[in-house]
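Trainee:
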Amino acid sequence: MNQERAARGILLLGFMGSGKSTVGQMLAARLDRPFADLDERIERKEGRPISEIFRQQGEPAFRALETRVLTELLSEMQRTPGVVVALGGGTFAQVGNRQLLETFGGLTVFLDCPLEELEHRCRDYTHRPLAQDPTAFRALYHERQGSYRLANLTVDAGRSPEQIAESILGMLK
Ligand code: S3P
């Protein structure tokens with residue numbers, strides 16, 4: 037079942053700083069598959085950084101854009117299956133996006149990392165609009181845990197990217 041899903045695509049999800057992009061690139065290289073980063077696609081399509089989108093248009097506009105770019109990516113993946121994708125930290129927390137992903141049928145993997153470690157990793161990330169206020173960061177972390185747990189697989193992400201990638205590879209066997 038996991039292998040069938042993984043053949044369609046592997047979608048990494050989890051909070052800011054959980055390692056989605058780094059682990060995704062490693063995993064793609066190990067599996068000899070293409071890699072796609074949803075945040076990067078949004079920035080490329082818009083020609084401006086995510087922080088700018090948040091500042092100029094606000095979060096609801098960003099979420100609408102995120103869903104549009106996710107829809108386009110999943111439709112490309114129907115033609116080119118197997119891509120390893122790093123989703124954004126909030127992508128899987130939106131019920132509509134979860135429905136799109138379930139219909140697509142790829143393997144969703146939650147990179148589960150303790151809050152203290154995420155706070156440590158994100159402390160210098162001035163470019164992340166939702167990592168600026170420590171109290172809001174913590175609240176968002178707790179609020180999203182329930183949705184993240186709906187992923188097909190959960191992996192302990194409080195480790196090095198190499199170790200996380202290795203665990204996911206092990207789960208695919
Ligand atoms: C967000 C996380 C970011 C980016 C945007 C919103 C979130 O992605 O999509 O700033 O809602 O958690 P990363 O998790 O890659 O930082």
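Counting in my numbering, the sequence shown runs from 37 upward without gaps.
By construction, the Cβ of each residue, glycine as well, lies at the ideal position given by its N, Cα and C atoms.
Because the structure is a prediction, the values reported are computed rather than measured.
Less than 8 Å between the CB of G124 and some heavy atom of ligand 1, yes or no?
Mentor: Checking the Cβ of G124 against ligand 1 gives yes.
Trainee: What is the residue span of the alpha helix (DSSP H) that L176 lies within?
Mentor: Counting along the chain, the alpha helix (DSSP H) containing L176 begins and ends at 170 to 184.
Trainee: What would DSSP say about F90, mapped onto helix, strand or coil?
Mentor: F90 falls in the helix class under three-state DSSP.
Trainee: Please report the residue range of the beta strand (DSSP E) in which V120 lies.
Mentor: Its beta strand (DSSP E) spans residues 120 to 122.
Trainee: Could you pull the start and end residues of the beta strand (DSSP E) that T190 belongs to?
Mentor: Looking at the DSSP string, the run of the beta strand (DSSP E) that includes T190 is 189 to 192.
Trainee: Identify, in the order they occur along the chain, each residue of the same chain with its Cβ nearer than 7 Å to the Cβ of R41, setting aside the five sequence neighbours on each side.
Mentor: Result list for R41: G141, G142, L143, N188, in chain order.
Trainee: In the structure shown, what three-state DSSP assignment does L208 receive?
Mentor: It is coil, neither helix nor strand.
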